[in-house]
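S.K.:
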Ligand SMILES: Nc1nc2c(c(=O)[nH]1)N[C@H]1C(S)=C(S)[C@@H](COP(=O)(O)OP(=O)(O)OC[C@H]3O[C@@H](n4cnc5c(=O)[nH]c(N)nc54)[C@H](O)[C@@H]3O)O[C@H]1N2
Ligand SMILES: Nc1nc2c(c(=O)[nH]1)N[C@H]1C(S)=C(S)[C@@H](COP(=O)(O)OP(=O)(O)OC[C@H]3O[C@@H](n4cnc5c(=O)[nH]c(N)nc54)[C@H](O)[C@@H]3O)O[C@H]1N2
Ligand code: SF4
Ligand SMILES: [Mo]
């Protein structure tokens, strides 16, 4: 019988949507948006809607392992703590490290930080948030004296001007994007400006798109500050009362970006567009600037964030409805990690390592004499220290550094020679688990229980609705067990997640007196029942604000020594890795709509793999012409650090001079598509955040001897092929292939790969260099393979539809060999709507026939866009260019 739905939270992006999950009798899980959750009010995006397809147990890590052998938990945990103690005794506490993630729960995070900083006594706990939010954190601290996000999602709906900079909100925070889109429909006077070198799906709602020169954002905002001064838009009263640093900030703005022509030159935008943006900003009181990785991930990310915040402080546009600088978080618990001090340069509960009173306070609270006095290493430095052998043991929790850290091959080298690598994972095989000496099976989404904090400081409960598989355990449990075994039994005595949460809440209150913004004292005595039924609530949560706090700085008090906010002088001439003759193009990297990070979870869901199925290289046709690159052909991208092979996608949306490659593909899904092998390990000197959006590269055609693809009901081992990509489909696995040596005996080859004899259909045209084969077992299509001398191969859509057929009729067999859909079969084209599997060709047909003239019409006749709405920007594009 189906269970009642459990109220929980989506494990993907920082929007933090509420989810209702109901396990069904057939083992599947029904997923719906939670109408009561204030982040999404019932909506879910394509990734959230497909969560039910990701909870299967194939490839799950179910048992602890040491040196490749299954062991029991006691053995594994004793091994970890003994080896840690041994290394620490010999080399000191800084010889060990944790590398954790914004995807663990606050309770897990709290435990990791407590163990490393408080008891092992080293600062060496880092989190992948270094790659993500650390520039925003550093900028917040400089400006506000605290890492505070001032706004709420409601502000985005109430604003009159929304400036979206370095964020592809439509694909990366889709539900928030839908809320913004709806607000703009309700209030047509609301304006949206998108600042991004690329024209993204987010531009769908833009009144103005500024495709600026990559990296030039600080010129634009320094110029804005100059303009605001020149046009008398400064809030002098606010500045005088509540802000420091105006004069020096204005001075550097005037020196570097004094007027519109100068800004236009630096940003490579038209003067008219710059003027339009400045006029809008100057004349609109209710303004929000929403920023994300296009700003943070830069060698001057902290300065860029401050250049944005400066303009809000100078106009007093902060702490009021519909206004403020809004750094949007990426991971579901990026914010929770900042609360507990997951970064190597902070203590817990928004306390600082370099403040003696904070050190003393936390030492007393934790009852420890070992609390670290020094910050640990930041991500890039940490993995370099591992490669040097300075760090001899690392425990990696819920992150995949071999794929996601710049100069990714360096991470491989580091882990390969590290004495002790411990990996807590949900997956048996990832690019990272290959290097693990100890593998610890973690509970995954749906099985674990605890809290997360979203982009608007809202704490939500993630609840379990599935049993623990195998011997998997919660991440916090493993950490506290190691803490106990290392000799700190008393301080690591926790029975349940609520015990951990209570201590975390008490610490936020401990000797706080309003000095630290992170204060959830009203939850310090939360009972198990209250915790179980905790409803989403925004911190601070105190006696004065028991229902939480929607907006910060409404009282114009900041957490600096003077209580005033600080404007920061920004020099936009930062050192950036510039292109040259050898590496003439800028590599920009980021996300696509339907995949999550390194694909360990979204790669399991067939409907999420159909939107963009191969690692793509987005490129402008002008650049492609220059370097003889063809659309849909393969190309190789090379930088000083590494190389990648992917499928070219020519698009006018790309700015000439730069290419875009997604971050998602890894060694499990593609032969050579870990984009971070290319990315330079250069960092912002203040935040330590790496520059992931600007690496000089070159691109050249990859010209293999043959191209092909295989669809098969079974998984195949094709790692010998020069180019391969593996895609999970509904009833099959799809392999895109290319090879350097022509396959001499194709039938034998595919028969050996599939180990299937049975009935094989074959077609071969040697002169034209075409070969097709299909294997039919019990009248069902088992495998089909197409090879060709070039990349012009038939569409895969109609072939994949044949896998759903119970029996293949004569016409279908005929079409297999003919290599094109037979009468009555139609290829749906590239998938657009993931929820209802509606393809581009179907939609274009409906538009051409006049059946669909609007997004609503498409919804009515094809259902596309009517569930999660993530594809609506693409539907609009198709309507504009059918
Ligand atoms: N579908 C999906 N959604 C996700 C994730 C995912 O993996 N998949 N991950 C989540 C996480 S952890 C994060 S951090 C967020 C990230 O969310 P976003 O920051 O929105 O995502 P990105 O695609 O990394 O980069 C955003 C944009 O920055 C632009 N950009 C590049 N260089 C510059 C520049 O110099 N200036 C400006 N102004 N813009 C520039 C890029 O072209 C890109 O469109 O997404 C979250 N949501
Ligand atoms: N070039 C480039 N590089 C980037 C970025 C970019 O824009 N460009 N973006 C950066 C950003 S913003 C981010 S956030 C990172 C993300 O990069 P990662 O954090 O490396 O990516 P994920 O795939 O989310 O890794 C999470 C891992 O944890 C596992 N896991 C899932 N749930 C659990 C759990 O409950 N417990 C445990 N123990 N494990 C679990 C998953 O299977 C997966 O292997 O990438 C960064 N790297
Ligand atoms: S927007 Fe999508 S991925 Fe993000 S929390 Fe909501 S459902 Fe999950
Ligand atoms: Mo992120």
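Residue numbers (UniProt numbering): 1 to 882. Where is the CB? At the ideal position from N, CA and C, for every residue including glycine.
1. Could you give the DSSP three-state label for residue 796: helix, strand or coil?
2. What are the boundary residues of the beta strand (DSSP E) that residue 32 is part of?
3. What runs of the alpha helix (DSSP H), each 4 residues or longer, lie entirely inside the region 356-433?
4. Report the rounded CA-to-CA distance for residue 413 versus residue 632, giving the unit in angstroms.
5. Would you check if the distance between the CB atom of residue 474 and the CB atom of residue 499 is smaller than 9 Å?
6. Go ahead and label residue 454 buried or exposed: buried means 16 or more other beta carbons lie within 10 angstroms of its beta carbon, across all protein chains shown.
7. Is residue 864 near ligand 4, judged by its Cβ being under 8 Å from some heavy atom?
8. Less than 8 Å between C-beta atoms, sequence neighbours within five positions excluded: which residues of the same chain meet that for residue 869?
9. How big is the Cα-Cα spacing for residue 334 and residue 514?
10. Just checking my contact of residue 551 with residue 151 at CB under 8 Å: how many whole Å lie between their CB atoms?
11. Only counting the same chain, and skipping five residues up and downstream in sequence, which positions put a Cβ closer than 6 Å to that of residue 623?
12. Decide if residue 717 is buried, meaning its Cβ has at least 16 other Cβ atoms within 10 Å, or exposed.
13. In whole angstroms, give me the CA-to-CA distance for residue 339 and residue 19.
14. Put residue 635 into one of helix, strand or coil per three-state DSSP.
15. Closer than 8 Å: is that where the CB of residue 44 sits relative to any heavy atom of ligand 3?
16. Which two residues bound the contiguous beta strand (DSSP E) that contains residue 708?
17. If the criterion is Cβ atoms closer than 9 Å, does the pair residue 48 and residue 460 meet it?
18. Please output, in chain order, the residues near ligand 4 using a CB cut-off of less than 6 Å to any non-hydrogen atom of the ligand.
19. Among residues of its own chain, excluding the 5 on either side of residue 731, which ones have a beta-carbon nearer than 7 Å to its beta-carbon?
20. Going by DSSP, what residue range makes up the beta strand (DSSP E) through residue 763?
21. Touching or not, the region 363-382 and the region 57-77, by the rule of three or more beta carbon pairs under 8 Å?
22. For residue 481, which residues in the same chain have their Cβ closer than 6 Å to its Cβ, ignoring the five residues on either side in sequence?
23. Is the separation between the beta-carbon of residue 559 and that of residue 525 shorter than 9 Å?
24. Since residue 461 sits in a beta bridge, which residues does DSSP pair it with?
25. For residue 326, which of helix, strand or coil comes out of DSSP?
26. Can you name the start and end residues of the beta strand (DSSP E) that residue 646 belongs to?
27. Tell me whether residue 1 is buried or exposed, calling it buried when 16 or more other Cβ atoms sit within 10 Å of its Cβ.
28. Is the CB-CB distance between residue 281 and residue 256 below 9 Å?
29. Taking 8 Å as the cut-off, is the beta-carbon of residue 12 closer than that to any non-hydrogen atom of ligand 3?
30. Taking C-alpha atoms, which residue in 593, 163, 312 and 430 lies nearest to residue 662?
31. Can you have a look at residue 261 and say buried or exposed, based on whether 16 or more other CB atoms are within 10 angstroms of its CB?
32. At a threshold of 8 Å, does residue 113 count as lining ligand 3 (C-beta to nearest heavy atom)?
33. Quick one: grab the DSSP three-state call for residue 216.
34. Using a Cβ-Cβ cutoff of less than 6 Å, which residues in the same chain neighbour residue 326 once the five nearest sequence positions on both sides are dropped?
35. Suppose the cutoff is 6 Å on Cβ atoms and the five residues either side in sequence are ignored; what does the same chain contact list for residue 321 look like?
36. Say yes only if the C-beta of residue 175 is nearer than 8 Å to one or more non-hydrogen atoms of ligand 3, and no if none qualify.
M.R.: Straight from the coordinates:
1. Residue 796 sits at position 796 when you count from the first residue of the chain shown. DSSP places residue 796 in the coil class of the three-state scheme, outside both helix and strand.
2. Counted from its first residue, the chain shown places residue 32 at position 32. In the DSSP annotation of this structure, the continuous segment of the beta strand (DSSP E) that includes residue 32 starts and ends at 29-33.
3. DSSP runs (the alpha helix (DSSP H)) wholly in the region 356-433: 356-366, 379-388, 401-404 and 408-417.
4. Here residue 413 refers to the residue found at position 413 of the chain shown. Here residue 632 refers to the residue found at position 632 of the chain shown. Taken atom to atom, the span from the alpha-carbon of residue 413 to that of residue 632 is near 33 Å.
5. Start at 1 with the first residue of the chain shown, and residue 474 comes out as number 474. Start at 1 with the first residue of the chain shown, and residue 499 comes out as number 499. No, these two residues do not count as a Cβ contact at 9 Å.
6. In the chain shown, residue 454 corresponds to position 454, counting from 1. That one is buried.
7. Along the chain shown, read from residue 1 onward, the residue named residue 864 stands at position 864. In this structure, ligand 4 has no non-hydrogen atom nearer than 8 Å to the beta-carbon of residue 864.
8. The residue labelled residue 869 in the question sits at position 869 within the chain shown. Closer than 8 Å at the Cβ level, and outside the excluded window around residue 869, lie 43, 45, 174 and 178.
9. As a working note, residue 334 is residue 334 in the chain shown. As a working note, residue 514 is residue 514 in the chain shown. Distance between the alpha carbons of residue 334 and residue 514: 23 Å.
10. By one-based count along the chain shown, residue 551 stands at place 551. By one-based count along the chain shown, residue 151 stands at place 151. 7 Å between Cβ atoms; contact.
11. For the purposes of this step, residue 623 is taken as residue 623 along the chain shown, with counting starting at 1. For residue 623, where only same-chain residues beyond five positions count, the Cβ hits under 6 Å are 656.
12. Translated into the one-based positions of the chain shown, residue 717 becomes position 717. Classification of residue 717: exposed, given that the 10 Å Cβ count is below 16.
13. Indexing the chain shown from 1 puts residue 339 at position 339. Indexing the chain shown from 1 puts residue 19 at position 19. Rounded to whole angstroms, residue 339 and residue 19 show a C-alpha spacing of 24 Å.
14. One-based indexing of the chain shown puts residue 635 at position 635. Note: residue 635 maps to strand in three-state DSSP.
15. As a first step, residue 44 must be located in the chain shown, where it is residue number 44. Yes, ligand 3 has a heavy atom inside 8 Å of this Cβ.
16. Looking up residue 708 in the chain shown gives position 708. Here the beta strand (DSSP E) through residue 708 covers 706-712.
17. What you label residue 48 is simply residue 48 of the chain shown in a count that begins at 1. What you label residue 460 is simply residue 460 of the chain shown in a count that begins at 1. A distance of 9 Å or more separates the beta carbons of residue 48 and residue 460.
18. Going down the chain, each residue whose beta-carbon is closer than 6 Å to a heavy atom of ligand 4 shows up: 132, 330 and 331.
19. Taking the first residue of the chain shown as position 1, residue 731 is located at position 731. Apart from sequence neighbours up to five positions away, the residues of its chain that approach residue 731 with a beta-carbon distance below 7 Å are 713, 803 and 804, ordered along the chain.
20. Taking the first residue of the chain shown as position 1, residue 763 is located at position 763. It spans 759-765 - the beta strand (DSSP E) in which residue 763 sits, taken as one unbroken run.
21. Touching, no.
22. Counted from its first residue, the chain shown places residue 481 at position 481. Closer than 6 Å at the Cβ level, and outside the excluded window around residue 481, lie 77.
23. Sequence index remark: in the chain shown, residue 559 carries index 559 (1-based). Sequence index remark: in the chain shown, residue 525 carries index 525 (1-based). Not a contact, by the Cβ cut-off of 9 Å.
24. Numbered from its first residue, the chain shown carries residue 461 at position 461. Checking the DSSP bridge columns, you'll see residue 461 partnered with 451.
25. By 1-based counting over the chain shown, the position of residue 326 is 326. In this structure, residue 326 counts as strand in the three-state DSSP scheme.
26. Taking the first residue of the chain shown as position 1, residue 646 is located at position 646. Residues 643-650.
27. As a working mapping, residue 1 is identified with position 1 in the chain shown. With a pLDDT of only 44 at residue 1, under 50, the local geometry of the prediction cannot be trusted, and no value is derived from it.
28. Stepping through the chain shown from its first residue, residue 281 is reached at position 281. Stepping through the chain shown from its first residue, residue 256 is reached at position 256. Contact annotation: residue 281 and residue 256 have beta-carbon atoms that are not nearer than 9 Å.
29. Stepping through the chain shown from its first residue, residue 12 is reached at position 12. The beta carbon of residue 12 sits closer than 8 Å to at least one heavy atom of ligand 3.
30. As a first step, residue 662 is located in the chain shown; it is residue number 662 there, counting from the start. With respect to the C-alpha of residue 662, the residue from 593, 163, 312 and 430 having the closest C-alpha is 593.
31. Locating residue 261 in the chain shown gives position 261, where the first residue counts as 1. Label assigned to residue 261: exposed.
32. Within the chain shown, the letter at position 113 stands for residue 113. Checking every heavy atom of ligand 3 against the Cβ of residue 113, none is found closer than 8 Å.
33. One-based indexing of the chain shown puts residue 216 at position 216. Taken through DSSP and simplified to helix, strand or coil, residue 216 comes out as coil.
34. Within the chain shown, the letter at position 326 stands for residue 326. Counting only Cβ-Cβ distances below 6 Å, and skipping sequence neighbours, we find 151, 288 and 290.
35. Counting from one through the chain shown, the residue named residue 321 turns up at place 321. Around residue 321: 158.
36. Here residue 175 corresponds to residue number 175 of the chain shown, with the count starting at 1. Under cutoff, so the answer is yes.
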